[in-house]
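Asker:
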Amino acid sequence: MKIAAIDVGTNSFHLLIGQVSADGQVVPIERAKDMVRLGDSAFSTGVISAEAFARAAEALRSFKRLAERHHCDGIVAVATSATREADNGGDFVRAMRDETGIDLQVISGEEEARLIYLGARSVLPLASRRALLVDIGGGSVEVMVGDARELYFQRSLKLGVLRLLSHLKGDPPSQDDRAHLAEFCHRALERVAAPMQRIGFDFVAISAGTARALHELCYPSAPIPRPPDGERSDRAERPEASPRNERGRIVRFADVYALEQRLCSLSSVERARLPGLDARRVDSIVTGVILVRSLLEVFHADQYQLCEAALREGLIYDYAAKNRPGIALVDEFPDLRRRSVVTLMRRTQVREPHAYHVARLALDLFRGLRPLHGLPNADGELLEFAALLHDIGFYIAPSKHHKHGQYLIENVGLAGFTPEEIALMAQTVRYHRKSTPKDAHEAFAKLSDSLRRRIRIHAALLRVADGLDRTNRQLIRSVRCRMLSRDVELVLTPASPLAGADPDVELELWSARRKADLLEEVFRRKVRLLIAPASQLPIDEDATQ
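Residues in the sequence shown are numbered from 292 upward in steps of one, following this note's numbering.
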């Protein structure tokens, strides 16, 4: 199964497409990023601007195109700080759904921290170690303590790098402004430091773009491979594809401190000329470096490790943990239509051996009687699906289960089928027993002439196939058809020579004869049922041992 995870952040939007296996493993396939900066207006005016709406819609449409190109089975998308705090956050979510078809879930800061932990846990070398995890966003900072097994502490703080810009007025910022901002960060972090220090941790890991940008500015001779912001990545950005050692991911406090002095001595125009710094980070990199320096000071850390995974990875791992049966079903049935049929079968607890056997017999009849019905092969698949679903109505009640089955097929939302195909399957199930199709039946009468003809043929074949397994013992292995001028002979092959002598085979023949009425009416031929000669019967291996 392929899942696309979208993180609609305050500063950047991120996409990760991952291949998810039933055992919960995730293999990244594609990444994309667009620095939309919802927070530019959200934190200064309290609303997301019209310009940001437009940038966001364009980014999400681009992400959706990538997901469709990779034939993703699902898209999970969450929005964070800027959206949950903006006065028009609800309008933004509705507009994105209407314009792009992507449903955004606005998550709390606590849920954001949990998901980030799941993502970080997948790439950090935790083993028996415990980490202080920090994710720096545009609107909030999530701080966590966790190890490979458990998340012990999580908080979301309003310390995002775009939110903090209001503390710096000058260009470059004055020393007093920098000191006030650092003090503000210290106080906010100290409020959560005590419980985290009581739990204890072995190292600090920081994720997101700010931490990466600081690494590249501190060590420009050994940048971490990545695509330009806003462009799709190649394998170089994937954690498993980059041959980096542990030291290559470490950023020392002394280097962060020195970088802060350097950045804060430059104007925004001068910072824009720095090699490796994206132009859209020219302002927020200053608040970012002061925040990281303050964080390392509060937690008495001399370095941090760059973490290569965060919220978007966590979204996919969370999806994998919650949907393992569905993922296994996708692996088992990659075809969407067949998967949706099998899902409905299993939800309604049908007798699968009977359903699959009736489907096989129905296809024998469909193929054998092709000269009479002249339907395309695609109809054979729809007949097979109707046969697989013919008993789902038992889930509601045994009485009138054929009508209950019709109702379920029409209303559960089977994926991958057209309305006409849904109608064909539903009506076929409706008429697999009891009354045959009548123009007096309102639902049947309103359909087109061609569709009514197909329903009559499908139902006629299904009725006989179902009758041939009345005992649910699969005593009839297959059906061969012989077409005569006035008759149709159905030559039945028992499952074994012993089955041919089983008195219950007579019950199957009796049931099939009773249900052959529609077949005789549709093809205007008498139906005769014959048991295959003994010379043509399969050998029962158990009987010869």
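Beta carbons are placed, not taken as given, at the ideal position from N, Cα and C, and that holds for glycine. If you're wondering where the values come from, they're calculated on a predicted model, not measured in any experiment.
1. With Ala496 as the anchor, note down where its beta strand (DSSP E) starts and where it stops.
2. What is the rounded straight-line gap between the Cα of Ile541 and the Cα of Lys355?
3. Where DSSP assigns a beta bridge to Ala348, which residues make up the other side?
4. Thr578 and Leu456 look like a contact to me (Cβ under 8 Å); what is the Cβ gap, rounded to whole Å?
5. Counting along the chain, where does the beta strand (DSSP E) carrying Gln310 start and finish?
6. Would you report the Cα separation of Leu395 and Ala358, rounded to the nearest angstrom?
7. Given a cut-off of 8 Å, decide if Ile339 and Ala373 are closer than it, judged by their beta-carbon atoms.
8. With distances taken from CA atoms, which of Gly380, Phe475 and Ser498 is nearest Glu433?
9. Cα-Cα, which of Phe685, Glu588, Leu307 and Asp795 is closest to Ala473?
10. Rounded to a whole number of angstroms, what is the C-alpha to C-alpha distance between Lys806 and Pro625?
11. Measure the alpha-carbon distance for Gly521 versus Ala313 and round it to whole angstroms.
12. Can you tell me whether DSSP reads Pro566 as helix, strand or coil?
13. Rounded to whole angstroms, what's the CA-CA distance from Arg819 to Asp364? Just pull it up for me.
14. To which residues does DSSP link Phe624 through a beta bridge?
15. Distance check for Ser631 and Glu551, CA to CA, integer angstroms please.
16. Between which two residues does the beta strand (DSSP E) carrying Met774 extend?
17. With H, G and I counted as helix, E and B as strand and the rest as coil, what does DSSP make of Gln596?
18. Return the Cβ separation of Ser559 and Val573 in integer angstroms, given the expectation that the two are a contact with Cβ distance under 8 Å.
19. State the beta-bridge partners of Gln445 as determined by DSSP.
20. In chain order, which alpha helix (DSSP H) runs of at least 4 residues are fully inside the stretch 695–749?
21. Around the Cβ of Gln697, are there at least 16 other Cβ atoms within 10 angstroms (buried) or fewer (exposed)?
22. Whose C-alpha, out of Leu409, His732 and Arg440, is nearest the C-alpha of Val425?
23. What is the rounded straight-line gap between the Cα of Asp389 and the Cα of Gly665?
24. Alpha carbon to alpha carbon, what distance is there between Tyr608 and Asp438?
25. Where Tyr510 and Val299 are concerned, what is the direct C-alpha to C-alpha distance, given to the nearest angstrom?
26. Excluding the 5 residues flanking Gly330 on each side, which residues of the same chain have their C-beta closer than 8 Å to its C-beta?
27. Are the beta-carbon atoms belonging to Leu759 and Ala803 less than 8 Å from one another?
28. Starting from the N-terminal side, write out each stretch of the alpha helix (DSSP H) that is 4 residues or longer and does not extend beyond the stretch 606–670.
29. Going by the beta-carbon positions, is the gap between Ala295 and Val327 smaller than 8 Å?
30. Below 7 Å CB to CB, which residues in the same chain sit around Leu459 once its five sequence neighbours on both sides are set aside?
31. Skipping 5 residues on each side, what residues in its chain have a beta carbon closer than 6 Å to that of Val649?
32. Going by DSSP, what residue range makes up the beta strand (DSSP E) through Ile407?
33. If we count Cβ pairs, one from each stretch, closer than 8 Å, do we get three or more for the stretch 714–722 versus the stretch 742–749?
34. For the alpha helix (DSSP H) containing Ile576, list its first residue and its last residue.
35. Note down the Cα distance separating His477 from Ala612, rounded to an integer number of angstroms.
36. Write down the C-beta distance between Leu627 and Ala706 rounded to the nearest angstrom, noting that I regard them as a contact closer than 8 Å.
Answerer: So, from the data block:
1. As a working note, residue 496 is residue 205 in the sequence shown. Note, Ala496: beta strand (DSSP E), Phe494 to Ser498.
2. Within the sequence shown, residue 541 is the residue found at index 250, counting from 1. Within the sequence shown, residue 355 is the residue found at index 64, counting from 1. C-alpha separation (whole angstroms): 35 Å.
3. Locating residue 348 in the sequence shown gives position 57, counting from the first residue. DSSP lists no partner for Ala348.
4. Taking the first residue of the sequence shown as 1, we reach residue 578 at position 287. Taking the first residue of the sequence shown as 1, we reach residue 456 at position 165. Confirmed, Cβ separation roughly 6 Å.
5. Position 19 of the sequence shown, counted from the start, is the residue given in the question as residue 310. Start and end: Phe304 to Val311.
6. Working through the sequence shown from its first residue, we reach residue 395 at position 104. Working through the sequence shown from its first residue, we reach residue 358 at position 67. Whole-angstrom Cα-Cα distance: 15 Å.
7. Against the sequence shown, residue 373 aligns to sequence position 82. Against the sequence shown, residue 339 aligns to sequence position 48. In this structure, Ile339 lies closer than 8 Å to Ala373 by Cβ.
8. Your numbering for residue 433 matches position 142 in the sequence shown. Of Gly380, Phe475 and Ser498, the residue nearest in Cα terms is Ser498.
9. Taking the sequence shown and counting its residues from 1, one reaches residue 473 at position 182. For Ala473, the nearest C-alpha among the options comes from Glu588.
10. The residue labelled residue 806 in the question sits at position 515 within the sequence shown. The residue labelled residue 625 in the question sits at position 334 within the sequence shown. Roughly 35 Å separates the two Cα atoms.
11. Position 230 of the sequence shown, counted from the start, is the residue given in the question as residue 521. Position 22 of the sequence shown, counted from the start, is the residue given in the question as residue 313. A caution first: Gly521 carries a pLDDT of 39, below 50, which makes its placement in the model too unreliable to give a value.
12. The residue you call residue 566 lines up with position 275 of the sequence shown. In this structure, Pro566 counts as coil in the three-state DSSP scheme.
13. Indexing the sequence shown from 1 puts residue 819 at position 528. Indexing the sequence shown from 1 puts residue 364 at position 73. Rounded to the nearest angstrom, the two C-alpha atoms are 47 Å apart.
14. The residue you call residue 624 lines up with position 333 of the sequence shown. BP columns for Phe624 are empty, so no partner.
15. Residue numbering aside, residue 551 sits at position 260 when the sequence shown is read from its first letter. Residue numbering aside, residue 631 sits at position 340 when the sequence shown is read from its first letter. Looking at the two C-alpha atoms, the distance is approximately 56 Å.
16. Start at 1 with the first residue of the sequence shown, and residue 774 comes out as number 483. Element bounds for Met774: Ile767 to Met774.
17. On the sequence shown, residue 596 is found 305 positions in, with the first residue counted as 1. DSSP places Gln596 in strand when its eight states are reduced to three.
18. Within the sequence shown, numbered from 1, the residue matching residue 559 stands at position 268. Within the sequence shown, numbered from 1, the residue matching residue 573 stands at position 282. Correct: roughly 5 Å between the Cβ atoms.
19. Locating residue 445 in the sequence shown gives position 154, counting from the first residue. Gln445 is bridged to Met435.
20. 710–721 and 733–736
21. Stepping through the sequence shown from its first residue, residue 697 is reached at position 406. Counting Cβ neighbours within 10 Å, Gln697 comes out buried, since at least 16 surround it.
22. Taking the sequence shown and counting its residues from 1, the one referred to as residue 425 is at position 134. For Val425, the nearest C-alpha among the options comes from Leu409.
23. Locating residue 389 in the sequence shown gives position 98, counting from the first residue. Locating residue 665 in the sequence shown gives position 374, counting from the first residue. For Asp389 and Gly665, the distance between alpha carbons rounds to 44 Å.
24. The residue given as residue 438 occupies position 147 in the sequence shown. The residue given as residue 608 occupies position 317 in the sequence shown. Taking the straight line joining both Cα atoms gives about 16 Å.
25. Taking the sequence shown and counting its residues from 1, the one referred to as residue 510 is at position 219. Taking the sequence shown and counting its residues from 1, the one referred to as residue 299 is at position 8. About 29 Å.
26. Looking up residue 330 in the sequence shown gives position 39. Excluding residues within five positions, the ones whose Cβ falls inside 8 Å are Thr301, Asn302, Ser372, Ala373, Gly429, Gly430, Gly451, Leu453 and Arg454.
27. Taking the sequence shown and counting its residues from 1, the one referred to as residue 759 is at position 468. Taking the sequence shown and counting its residues from 1, the one referred to as residue 803 is at position 512. Result yes, Cβ atoms of Leu759 and Ala803 sit closer than 8 Å.
28. 615–623, 627–638, 643–659 and 661–664
29. Taking the sequence shown and counting its residues from 1, one reaches residue 295 at position 4. Taking the sequence shown and counting its residues from 1, one reaches residue 327 at position 36. Not in contact: Ala295 and Val327 (Cβ atoms no closer than 8 Å).
30. On the sequence shown, position 168 is the one that residue 459 refers to. Around Leu459: Asp468, Leu472, Val577 and Thr578.
31. As a working mapping, residue 649 is identified with position 358 in the sequence shown. For Val649, where only same-chain residues beyond five positions count, the Cβ hits under 6 Å are Ala678, Ala756, Asp757 and Asp760.
32. Numbered from its first residue, the sequence shown carries residue 407 at position 116. Run containing Ile407: none in the beta strand (DSSP E); it sits in the alpha helix (DSSP H), Gly400 to Arg412.
33. yes
34. Looking up residue 576 in the sequence shown gives position 285. Run containing Ile576: Ser575 to Val589, per the alpha helix (DSSP H) assignment.
35. Against the sequence shown, residue 477 aligns to sequence position 186. Against the sequence shown, residue 612 aligns to sequence position 321. Going by the C-alpha atoms only, they are around 37 Å apart.
36. On the sequence shown, residue 627 is found 336 positions in, with the first residue counted as 1. On the sequence shown, residue 706 is found 415 positions in, with the first residue counted as 1. Right, the Cβ-Cβ distance comes to about 5 Å (below 8 Å), so this counts as a contact.
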